[in-house]
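Student: This is the structure I want to talk about, given as structure tokens.
2 protein chains.
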Amino acid sequence: MTDEDSDTEAPARAGRPTDERKTEAILDAAREAFFGQGYAAASIERIAEQAGVSKVTIYKRFGDKAGLLEALVRRQADNMTTTIGEANRDAATLEVQLVNFGFTLLSFLFDESHFHFDSMLVIERDRQREAAQRFFDAGPGTMRRELTKMLAAAHKRGDVHIPQPQRAAEDLLSLWKGFADLELRFGVVDMPGPARIRSHVRHGVKVFLRAYRAE
Amino acid sequence: MTDEDSDTEAPARAGRPTDERKTEAILDAAREAFFGQGYAAASIERIAEQAGVSKVTIYKRFGDKAGLLEALVRRQADNMTTTIGEANRDAATLEVQLVNFGFTLLSFLFDESHFHFDSMLVIERDRQREAAQRFFDAGPGTMRRELTKMLAAAHKRGDVHIPQPQRAAEDLLSLWKGFADLELRFGVVDMPGPARIRSHVRHGVKVFLRAYRAE
DNA sequence: ATAATACTAAACGTTGACGTTCACAAATAA
DNA sequence: TTATTTGTGAACGTCAACGTTTAGTATTAT
Chain H
1 MTDEDSDTEA PARAGRPTDE RKTEAILDAA REAFFGQGYA AASIERIAEQ AGVSKVTIYK
61 RFGDKAGLLE ALVRRQADNM TTTIGEANRD AATLEVQLVN FGFTLLSFLF DESHFHFDSM
121 LVIERDRQRE AAQRFFDAGP GTMRRELTKM LAAAHKRGDV HIPQPQRAAE DLLSLWKGFA
181 DLELRFGVVD MPGPARIRSH VRHGVKVFLR AYRAE
Chain L
216 MTDEDSDTEA PARAGRPTDE RKTEAILDAA REAFFGQGYA AASIERIAEQ AGVSKVTIYK
276 RFGDKAGLLE ALVRRQADNM TTTIGEANRD AATLEVQLVN FGFTLLSFLF DESHFHFDSM
336 LVIERDRQRE AAQRFFDAGP GTMRRELTKM LAAAHKRGDV HIPQPQRAAE DLLSLWKGFA
396 DLELRFGVVD MPGPARIRSH VRHGVKVFLR AYRAE
């Protein structure tokens, strides 16, 4: 009679329960396919095969190809938000603080599983406008906000001279992403390891602080 | 009015001569399609239609889809080389010199017809490795070389303190391309006009020169 | 056991794109 | 005019992918 519509995690429903690991496997396979070959070239059939899942399961869960991309974007964005949250630690000096922040960011960006992401999304942005916007907010947007706050605080303390913190934040993000990103994208160099990433971040921070040091 | 062609070389061959304007029209249409939708999603049939050309003509001239992309990449790379060559003018001060250089570069990069180029190429780079490399050499690679030379000369003159000119060139290129590029790619802002571009370039140069000024 | 739900495999219809062939029209040199 | 080459349109074969359907299996609560 009275259906227990409990909004808790315990389903307590009849029938075979959904296997959440399959959802993860599908999204992992979709990531590989979409990022590696682009949205159009990726095939649901191969995604299903690689995920060890029936094609029908994908359609049951995500509706269609666009829905699968939508879900993937959401997961990646959440993932990024989490990573960024963990990066915002306090440290002794501003320099160390920035280096930590940048290292976390670049380690994330220069990861095989995320690297092709925006390239695909950019091409698809006309068809997936809100998805692209959401990803920007979760990734670069959040990054800019956090960094802007940090820089404004440092300016107030007198550590640096940064009258326009948002613009400065964009400068630093540009220096970090920078040319290494270009070389990577065109396959001129290999993916850098942690040591190279840290060195690159340090260099960016140094240049940045030289430009914005207190007079 | 009939135009008498006297500039071009006479083919002096029998039969109907090839219409070079058709080649251009095909490449223009291919650019729109490839850059806008990506390689896989673009269709030769629609490219032919948009170019006002028979599909067979495309196959006669370019062999297949990959050949068409190949030719397109080559044309874009040549185009870029030409533009960069024109940008390298001497000017009174280093600052003016850099601003001119950057303005030419960004005007080219932030043009609708080139903007999606690397996004497509990145996804296709595994299948079109040499095309990607060629484009990198013609574009960012040349840019870095030219800029490195300019900065090394300025360092020798004592105008600035740049012991590692190539790294500094990468920094400046990063600052220029920077965050505006990201916002554009995700559709957060519209394509900037010349005024905004010049302002952005100026800012980049200022930050750069503050960081690398002579002590 | 039974009902209910998740899931699979295989087949299906449909669409769109690649690349080819063929008959024919258009343009030019001889 | 004639030979030669460019270009067109329409049709064709092939293939890969989307998304659906169906019949049946697996897993759970009652």
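Heads up: the sequence lines are chains H and L, in that order.
Residue numbering for the first sequence follows our numbering, starting at 1 and increasing by one per position.
Residue numbering for the second sequence follows our numbering, starting at 216 and increasing by one per position.
For every residue, glycine included, the Cβ atom is placed at its ideal position computed from N, Cα and C.
If you're wondering where the values come from, they're calculated on a predicted model, not measured in any experiment.
Do you know how far the Cα of glutamine 312(L) is from the Cα of aspartate 305(L)?
Tutor: By 1-based counting over the second sequence, the position of residue 305(L) is 90. By 1-based counting over the second sequence, the position of residue 312(L) is 97. Looking at the two C-alpha atoms, the distance is approximately 6 Å.
Student: Is the Cβ-Cβ distance between histidine 161(H) and phenylalanine 35(H) less than 7 Å?
Tutor: On the first sequence, residue 161(H) is found 161 positions in, with the first residue counted as 1. On the first sequence, residue 35(H) is found 35 positions in, with the first residue counted as 1. No.
Student: Can you say whether glutamate 170(H) is buried or exposed, counting buried as having 16 or more other CB atoms within 10 angstroms of its CB?
Tutor: The sequence position of residue 170(H) within the first sequence is 170, counting from 1. Glutamate 170(H) should be labelled buried.
Student: Using a cut-off of 9 Å between C-beta atoms, extract the partners of proline 192(H) located in chain L.
Tutor: Reading the first sequence from its first residue, position 192 is the one you call residue 192(H). Per Cβ cutoff of 9 Å: no residues; proline 192(H) is ~14 Å from chain L at best.
Student: Does the beta carbon of serine 119(H) sit closer than 7 Å to a beta carbon anywhere in chain L?
Tutor: As a working mapping, residue 119(H) is identified with position 119 in the first sequence. Yes, because at least one Cβ of chain L sits closer than 7 Å to the Cβ of serine 119(H).
Student: Sorted by chain position, which residues of the same chain lie with C-beta nearer than 6 Å to glutamate 49(H)'s C-beta, five sequence neighbours on each side aside?
Tutor: Here residue 49(H) refers to the residue found at position 49 of the first sequence. Closer than 6 Å at the Cβ level, and outside the excluded window around glutamate 49(H), lies no residue.
Student: Kindly list the residues whose CB is nearer than 7 Å to the CB of threonine 363(L), restricted to its own chain and excluding five residues on each side of it in sequence; keep chain order.
Tutor: Taking the second sequence and counting its residues from 1, one reaches residue 363(L) at position 148. So the list reads Pro380, Gln381 and Ala384, once near-sequence residues are dropped.
Student: Taking 7 Å as the threshold (C-beta atoms), are alanine 42(H) and alanine 33(H) in contact?
Tutor: On the first sequence, position 33 is the one that residue 33(H) refers to. On the first sequence, position 42 is the one that residue 42(H) refers to. Cβ distance < 7 Å, so alanine 33(H) and alanine 42(H) count as in contact.
Student: So, with DSSP's three-state summary, where would you put arginine 428(L)?
Tutor: One-based indexing of the second sequence puts residue 428(L) at position 213. Looking at arginine 428(L) - three-state DSSP - the assignment turns out to be strand.
Student: What are the boundary residues of the alpha helix (DSSP H) that includes phenylalanine 325(L)?
Tutor: In the second sequence, counting from the first residue as 1, residue 325(L) sits at position 110. Element bounds for phenylalanine 325(L): n/a, residue is neither H nor E.
Student: Of the residues Arg246(L), Arg359(L), Leu321(L) and Leu284(L), which one's Cα is nearest the Cα of serine 414(L)?
Tutor: Position 199 of the second sequence, counted from the first residue, corresponds to residue 414(L). Nearest option by C-alpha distance: Leu321(L).
Student: Can you confirm whether glutamate 4(H), when its beta carbon is compared against all beta carbons of chain L, has any partner nearer than 7 Å?
Tutor: Position 4 of the first sequence holds residue 4(H). Confidence at glutamate 4(H) is low in this model, with a pLDDT of 38, below 50, so its placement is unreliable and the value that follows should be read with caution. Cβ-Cβ to chain L under 7 Å: no for glutamate 4(H).
Student: According to DSSP, is valine 375(L) part of a helix, a strand, or is it coil?
Tutor: Locating residue 375(L) in the second sequence gives position 160, counting from the first residue. Correct three-state label for valine 375(L): strand.
Student: Identify, in the order they occur along the chain, each residue of the same chain with its Cβ nearer than 8 Å to the Cβ of leucine 121(H), setting aside the five sequence neighbours on each side.
Tutor: Position 121 of the first sequence, counted from the first residue, corresponds to residue 121(H). So the qualifying residues of the chain are Val73, Gln128, Ala131, Ala132 and Phe135.
Student: Count the other CB atoms, across all protein chains shown, that sit within 10 Å of the CB of methionine 1(H); report buried if there are 16 or more and exposed otherwise.
Tutor: Residue 1(H) sits at position 1 when you count from the first residue of the first sequence. Summary for methionine 1(H): the model assigns pLDDT 35, below 50, so the residue's position carries little reliability; its value from the coordinates is reported in the next sentence. It is exposed - the Cβ of methionine 1(H) has fewer than 16 other Cβ atoms within 10 Å.
Student: Can a CB atom of chain L be found closer than 7 Å to the CB of glycine 178(H)?
Tutor: Start at 1 with the first residue of the first sequence, and residue 178(H) comes out as number 178. It does: the Cβ of glycine 178(H) has a partner Cβ on chain L nearer than 7 Å.
Student: Taking aspartate 293(L) as part of the alpha helix (DSSP H), name the residues at either end of that continuous run.
Tutor: As a first step, residue 293(L) is located in the second sequence; it is residue number 78 there, counting from the start. Note, aspartate 293(L): alpha helix (DSSP H), 280-302.
Student: Beta-carbon of arginine 425(L) versus every beta-carbon of chain H: anything under 7 Å?
Tutor: Translated into positions along the second sequence, residue 425(L) becomes position 210. True, the Cβ-Cβ gap to chain H drops below 7 Å.
Student: What runs of the alpha helix (DSSP H), each 4 residues or longer, lie entirely inside the region 122-184 of chain H?
Tutor: DSSP runs (the alpha helix (DSSP H)) wholly in the region 122-184 of chain H: 129-136 and 142-157.
Student: At a CB-CB cut-off below 7 Å, which residues of chain H make contact with proline 355(L)?
Tutor: Taking the first residue of the second sequence as position 1, residue 355(L) is located at position 140. Under the 7 Å cutoff, chain H gives Leu182.
Student: Beta carbons nearer than 9 Å to chain L: which residues of the region 52-73 of chain H have them?
Tutor: Under the 9 Å Cβ criterion, the region 52-73 of chain H contributes no residue.
Student: Hey, glutamate 86(H) and valine 205(H): beta-carbon distance below 7 Å or not?
Tutor: To locate residue 86(H), count along the first sequence from 1; it is residue 86. To locate residue 205(H), count along the first sequence from 1; it is residue 205. No.
Student: With 16 other CB atoms within 10 Å as the buried threshold, where does aspartate 333(L) fall?
Tutor: Along the second sequence, read from residue 1 onward, the residue named residue 333(L) stands at position 118. Classification for aspartate 333(L): buried.
Student: Taking the beta carbon of glutamate 112(H) as the centre, do at least 16 other beta carbons fall within 10 Å, making it buried, or is it exposed?
Tutor: Counted from its first residue, the first sequence places residue 112(H) at position 112. Per the 10 Å Cβ criterion, exposed.
Student: If we count the other Cβ atoms within 10 Å of its Cβ and call it buried at 16 or more, is arginine 213(H) buried or exposed?
Tutor: If you number the first sequence from 1, residue 213(H) lands on position 213. Answer is exposed; the Cβ neighbour count stays below 16.
Student: Counting pairs of beta carbons, one from the region 390-401 of chain L and one from the region 171-179 of chain H, are three or more of them closer than 8 Å?
Tutor: Yes, the region 390-401 of chain L touches the region 171-179 of chain H.
Student: Use the C-beta contact count for glutamate 219(L): other C-beta atoms within 10 angstroms, 16 or more gives buried, fewer gives exposed.
Tutor: In the second sequence, counting from the first residue as 1, residue 219(L) sits at position 4. The predicted position of glutamate 219(L) is uncertain, since its pLDDT is 38 and thus under 50; a value taken from the coordinates is nonetheless stated next. When all chains shown are included, glutamate 219(L) counts as exposed.
Student: For arginine 185(H), return the contacting residues in chain L, with the cut-off set at a CB-CB distance below 7 Å.
Tutor: Position 185 of the first sequence holds residue 185(H). The contacting residues are Asp333 and Val337.
Student: Would you say phenylalanine 101(H) faces chain L, with C-beta separation under 7 Å as the test?
Tutor: Counting from 1 along the first sequence, the entry for residue 101(H) is found at position 101. Output row for phenylalanine 101(H): interface = no.
Student: Is there a Cβ from chain L that is less than 7 Å from the Cβ of alanine 92(H)?
Tutor: Residue numbering aside, residue 92(H) sits at position 92 when the first sequence is read from its first letter. By this cut-off, alanine 92(H) is not an interface position.
Student: What number of angstroms, rounded off, separates the C-alpha of alanine 307(L) from the C-alpha of methionine 358(L)?
Tutor: Translated into the one-based positions of the second sequence, residue 307(L) becomes position 92. Translated into the one-based positions of the second sequence, residue 358(L) becomes position 143. Spanning the two alpha carbons is a distance of roughly 21 Å.
Student: Kindly give me the distance between the Cβ atoms of alanine 353(L) and alanine 40(H), rounded to whole angstroms, as I take these residues to be in contact under 8 Å.
Tutor: For the purposes of this step, residue 353(L) is taken as the residue at position 138 of the second sequence. For the purposes of this step, residue 40(H) is taken as the residue at position 40 of the first sequence. No, alanine 353(L) and alanine 40(H) are not in contact; Cβ-Cβ is about 27 Å, not under 8 Å.
Student: For aspartate 326(L), decide whether its Cβ has a neighbour in chain H, counting only Cβ atoms nearer than 7 Å.
Tutor: Stepping through the second sequence from its first residue, residue 326(L) is reached at position 111. Not one chain H Cβ lies under 7 Å of aspartate 326(L).
Student: Please go through the same chain and pick out, in chain order, the residues whose beta-carbon is closer than 7 Å to the beta-carbon of arginine 31(H), but skip the five residues on each side of it.
Tutor: Here residue 31(H) refers to the residue found at position 31 when the first sequence is read from its first residue. Result list for arginine 31(H): Leu72 and Ser113, in chain order.
Student: Would you mind telling me which residues of chain H sit closer than 9 Å to phenylalanine 323(L), beta carbon to beta carbon, in chain order?
Tutor: Here the question's residue 323(L) lines up with position 108 in the second sequence. Those within 9 Å of phenylalanine 323(L) in chain H number zero; the least Cβ separation is about 15 Å.
Student: DSSP three-state call for arginine 13(H): helix, strand or coil?
Tutor: Counting from 1 along the first sequence, the entry for residue 13(H) is found at position 13. DSSP places arginine 13(H) in coil when its eight states are reduced to three.
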